[in-house]
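In the UniProt record's numbering, the protein residues as written are 1 to 504.
Every residue, glycine too, gets a C-beta built ideally from N, C-alpha and C.
Only one structure is covered here, and it is reproduced in the block below.
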Ligand SMILES: Cc1cc2nc3c(=O)[nH]c(=O)nc-3n(C[C@H](O)[C@H](O)[C@H](O)COP(=O)(O)OP(=O)(O)OC[C@H]3O[C@@H](n4cnc5c(N)ncnc54)[C@H](O)[C@@H]3O)c2cc1C
Ligand SMILES: NC(=O)c1ccc[n+]([C@@H]2O[C@H](COP(=O)([O-])OP(=O)(O)OC[C@H]3O[C@@H](n4cnc5c(N)ncnc54)[C@H](OP(=O)(O)O)[C@@H]3O)[C@@H](O)[C@H]2O)c1
Ligand code: HEM
């Protein structure tokens, strides 16, 4: 990059603008950066734009001088380590051994380890701990490794603003936190080096960990429904002596029956665990008992499941809009028209079919609009701007309305086909009949949970009321009548027993 270009601030008009460099003389720490690579250059540019004095330490300062902004000093590693109050180590960890001679220069200083590994490290020592062992007199803070050089250049507005940190020295972490804020990031202290460094180093290497189960479930459902539709729509016509014209359905028609079925079942899977959680809370009479692990994990994956369902529904909508464009659809229409002409039919209008389609299309479009609202509300920037009630209203209320609309769309599409014999191909019922029971069950469970007697009890439980805490003392004589000295509803001393009156 030409030197002139490096002079321009990286974030045009961003934040409070560059602070005067004199500020560093009045207490802003001098920041040292060891290494002159991509990360070092982006960080230096950002620090300079925020008014810090930066000293870059390189093995060959002359060679990399033109790559850095004029305001930054590019010098030897020892010089940068000596001048910096806070020193970033922007080298790959395999080169840390080359820093061994800097121990004295770095003593008492805050060392920020920004390194990432090349593969997930499941049990070894973290790079940050290795650095801390190399420089026992420095205070190592792990951080910035989750921020890319790109994010440093473009500014925190273009992406995640969080900088996850860990370290053993509270003062060192506080210094790094101050620097983070000055650069426009939000520092998040995650704990001690031994407890967190490895986790932080593994974070950028993990490939969508929270998406694995939702994606696998969606793909498994897709495989199941595709095979089901292949048997019904492609193999069955061939089996009954068709003219070999069924395979053309595989890329569009079969996919467009599969995708909506997957979308509907996936959406039902988003709202099913809420019903199960409510049923468990009602039966236990408390919200303070842990859910089984599988339910906890299921509850925690609803966002990803919901977005997978949304993606399938949106793709189905696009496919549906393209159905009439296909050449196969045009030929079919021509053939139908020819047959009608031959049969002398002048008007092919069928009132019932017209209404069926008008209704199911309209309701389908509404379902997709509601789902789009949910998808928008799940964007972190939008979710952050909503309070708890607004978020719950959109995610729970609008989400259930979307599920209801999608189910209605499917039922309207199905109309009376469940009762037509010719719809049972190879003894397999129409696809919508396989997709619709789960959403219907989830919607029915929500109606049941909305009944005043259950809804009131659930609301009390969710406000902290507990069945077993609402106990009434009964007199000893009553106990004798009931079998003598037995304890009901939990043990209690002093010859008294407790009775569960939660259902009173
Ligand atoms: C397109 C799309 C986007 C979505 N985006 C998001 C998103 O950004 N964020 C998100 O969270 N969901 C998202 N979802 C999933 C879904 O909309 C929400 O999870 C929604 O809140 C579920 O509503 P609910 O009524 O089933 O359950 P909730 O209202 O969440 O829960 C019902 C009750 O169950 C209990 N409960 C729920 N979870 C737990 C738990 N972990 N531990 C203990 N008790 C619990 C609570 O008492 C709660 O009041 C998305 C779905 C779709 C389709
Ligand atoms: N790039 C990113 O987006 C990013 C994001 C987060 C974290 N990180 C981390 O930041 C660190 C640096 O990454 P980078 O992308 O800036 O790498 P890079 O562009 O390859 O720069 C690394 C620097 O290390 C020095 N170096 C190279 N070989 C060396 C050797 N054999 N011995 C000693 N020093 C050597 C060089 O500086 P000199 O020649 O000047 O000495 C080089 O410029 C890594 O640990 C990486 O994991 C990078
Ligand atoms: C713009 C929105 C939508 C449009 C235009 C639309 C259109 C259609 C069309 C044309 C069909 C008939 C397909 C065929 O003839 O094979 C259909 C069926 C179906 N749609 Fe939609 N749809 C929309 C949204 C949705 C949504 C949001 C869902 C569910 C989440 C959904 C689920 C279904 C299901 C399950 C079927 C039945 C598939 C079958 O069994 O053949 N649709 N839709």
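Considering only the beta carbon of each residue, do residue 56 and residue 81 sit closer than 9 angstroms?
Numbered from its first residue, the chain shown carries residue 56 at position 56. Numbered from its first residue, the chain shown carries residue 81 at position 81. No, these two residues do not count as a Cβ contact at 9 angstroms.
Quick check: does the Cβ of residue 135 come within less than 8 angstroms of any heavy atom belonging to ligand 1?
Counting from one through the chain shown, the residue named residue 135 turns up at place 135. Result no, Cβ not under 8 angstroms from ligand 1.
Can you check which of these residues, 312, 457, 190, 448, is closest to residue 406 by C-alpha distance?
What you label residue 406 is simply residue 406 of the chain shown in a count that begins at 1. For residue 406, the nearest C-alpha among the options comes from 312.
Give the range of the alpha helix (DSSP H) segment to which residue 276 is assigned.
Numbered from 1 along the chain shown, position 276 holds the residue referred to as residue 276. 253 to 284 is the span of the alpha helix (DSSP H), which, as asked, contains residue 276.
Compare the C-alpha of residue 115 against each of 93, 121, 75, 282 and name the closest.
As a position in the chain shown, residue 115 is number 115, starting the count at 1. Measuring from the Cα of residue 115, the nearest candidate turns out to be 93.
So what does DSSP say about residue 75, is it helix, strand or coil?
Your numbering for residue 75 matches position 75 in the chain shown. The answer is strand: DSSP assigns residue 75 an E or B state.
List the whole-angstrom C-beta distance separating residue 111 from residue 135, where the pair is believed to meet the contact cut-off of C-beta under 8 angstroms.
Your numbering for residue 111 matches position 111 in the chain shown. Your numbering for residue 135 matches position 135 in the chain shown. Indeed they touch by this definition, with Cβ atoms about 6 angstroms apart.
The alpha helix (DSSP H) that contains residue 363, what's its start and end?
Translated into positions along the chain shown, residue 363 becomes position 363. Element bounds for residue 363: 351 to 377.
In or out: residue 472 buried (at least 16 other Cβ within 10 Å) or exposed?
Taking the first residue of the chain shown as position 1, residue 472 is located at position 472. Unreliable positioning characterises residue 472 in this predicted model, as indicated by a pLDDT of 48, which lies under 50. A coordinate reading is not provided.
Look up residue 58 in the DSSP assignment and say whether it is helix, strand or coil.
Position 58 of the chain shown, counted from the first residue, corresponds to residue 58. In the structure shown, residue 58 sits in a strand (DSSP, three-state: E or B).
For the beta strand (DSSP E) that residue 143 lies in, which residues bound it at each end?
As a working note, residue 143 is residue 143 in the chain shown. 139 to 143 is the extent of the beta strand (DSSP E) around residue 143.
For residue 187, which of helix, strand or coil comes out of DSSP?
Taking the chain shown and counting its residues from 1, the one referred to as residue 187 is at position 187. Reduced to three states, the DSSP call for residue 187 is strand.
Under 8 angstroms: does the beta carbon of residue 146 sit that close to some heavy atom of ligand 2?
Walking along the chain shown from the start, residue 146 turns up at place 146. Under cutoff, so the answer is yes.
Based on DSSP bridge pairs, tell me the residues matched to residue 31.
Walking along the chain shown from the start, residue 31 turns up at place 31. Looking at the DSSP assignment, residue 31 forms a beta bridge with 54, 86.
Pick helix, strand or coil for residue 207, following the three-state DSSP scheme.
Stepping through the chain shown from its first residue, residue 207 is reached at position 207. Coil at residue 207, not helix or strand.
Less than 8 angstroms between the CB atoms is what I'm expecting for residue 506 and residue 102, so what's the real figure, rounded?
Outside the modelled stretch of the chain, which goes from 1 to 504, sits residue 506, for which no answer is possible.
Ordered along the chain, which non-local residues of its own chain (more than five positions away) have a Cβ less than 6 angstroms from that of residue 310?
The residue you call residue 310 lines up with position 310 of the chain shown. Correct list, in chain order: 371, 375.
Is the beta carbon of residue 205 less than 9 angstroms from the beta carbon of residue 167?
Residue numbering aside, residue 205 sits at position 205 when the chain shown is read from its first letter. Residue numbering aside, residue 167 sits at position 167 when the chain shown is read from its first letter. No, they are not a contact pair.
Comparing the CB of residue 513 with every heavy atom of ligand 2, is any distance shorter than 8 angstroms?
Lying outside 1 to 504, the shown extent of the chain, residue 513 is not represented and no answer is given.
Just tell me which of 423, 30, 464 has its CA closest to the CA of residue 515.
No statement about residue 515 is possible, as the shown extent of the chain runs from 1 to 504 and does not include it.
Whose C-beta lies closer than 8 angstroms to the C-beta of residue 234 among residues of the same chain, with five residues either side of it excluded?
Position 234 of the chain shown, counted from the first residue, corresponds to residue 234. Correct list, in chain order: 246, 247, 249, 250, 254.
Rank 62, 387, 203, 89 by C-alpha distance to the C-alpha of residue 35 and give the top, closest one.
Locating residue 35 in the chain shown gives position 35, counting from the first residue. The shortest C-alpha separation from residue 35 is found at 89.
Among residues of its own chain, excluding the 5 on either side of residue 22, which ones have a beta-carbon nearer than 8 angstroms to its beta-carbon?
In the chain shown, the residue the question calls residue 22 occupies position 22. In this prediction, residue 22 has a pLDDT of 39, which is less than 50 and means its spatial position is unreliable; nothing more can be read from the coordinates.
Check for me: the alpha helix (DSSP H) holding residue 166 runs from which residue to which?
As a working note, residue 166 is residue 166 in the chain shown. First-last for residue 166: 162 to 167, but that is the beta strand (DSSP E), not the alpha helix (DSSP H).
Count the other CB atoms within 10 Å of the CB of residue 69; is the residue buried (16 or more) or exposed (fewer)?
Position 69 of the chain shown, counting from 1, holds the residue named residue 69. Buried is the call here.
Got a sec? Which residues, its chain only, sit under 6 angstroms from residue 188 by beta carbon, not counting five neighbours each side?
As a working note, residue 188 is residue 188 in the chain shown. Excluding positions up to five away in sequence, the list reads 162, 164.
Ligand 2 and residue 91: does any heavy atom of the ligand fall closer than 8 angstroms to the residue's C-beta?
As a first step, residue 91 is located in the chain shown; it is residue number 91 there, counting from the start. It does: the Cβ of residue 91 is within 8 angstroms (strictly closer) of some heavy atom of ligand 2.
Could you check whether the Cβ of residue 41 sits closer than 8 angstroms to any heavy atom belonging to ligand 1?
As a first step, residue 41 is located in the chain shown; it is residue number 41 there, counting from the start. Not so, every heavy atom of ligand 1 lies at least 8 angstroms from the Cβ.
Going by DSSP, what residue range makes up the alpha helix (DSSP H) through residue 305?
Counting from 1 along the chain shown, the entry for residue 305 is found at position 305. Bounds of the alpha helix (DSSP H) holding residue 305 are 302 to 322.
Determine whether the beta carbon atoms of residue 292 and residue 435 lie at a separation below 9 angstroms.
Here the question's residue 292 lines up with position 292 in the chain shown. Here the question's residue 435 lines up with position 435 in the chain shown. Judged by beta-carbon spacing, residue 435 lies beyond the 9 angstroms limit of residue 292, meaning their Cβ atoms are not closer than that value.
Contact defined as beta carbons within less than 8 angstroms: I believe residue 128 pairs with residue 142. What is the distance between those atoms, to the nearest angstrom?
The count along the chain shown starts at 1 and reaches residue 128 at position 128. The count along the chain shown starts at 1 and reaches residue 142 at position 142. A Cβ-Cβ distance of about 4 angstroms is found for the pair residue 128 and residue 142, placing them in contact under the 8 angstroms criterion.
Look up residue 110 in the DSSP assignment and give the residues it is bridged to.
Taking the chain shown and counting its residues from 1, the one referred to as residue 110 is at position 110. 86, 139.
For the alpha helix (DSSP H) containing residue 68, name the first residue and the last one.
Against the chain shown, residue 68 aligns to sequence position 68. Note, residue 68: premise wrong, no alpha helix (DSSP H); not H, not E.
I'd like to confirm the pairing. Which residues does DSSP put opposite residue 425 in its beta bridges?
Taking the chain shown and counting its residues from 1, one reaches residue 425 at position 425. In DSSP, residue 425 forms a bridge with 428.
Using 9 angstroms as the threshold, is the C-beta distance between residue 410 and residue 228 below it?
Counting from one through the chain shown, the residue named residue 410 turns up at place 410. Counting from one through the chain shown, the residue named residue 228 turns up at place 228. No, the pair does not count as a contact, with Cβ atoms beyond the cut-off.
Measuring CB to CB, does residue 360 end up less than 9 angstroms from residue 412?
The residue you call residue 360 lines up with position 360 of the chain shown. The residue you call residue 412 lines up with position 412 of the chain shown. In this structure, residue 412 lies closer than 9 angstroms to residue 360 by Cβ.
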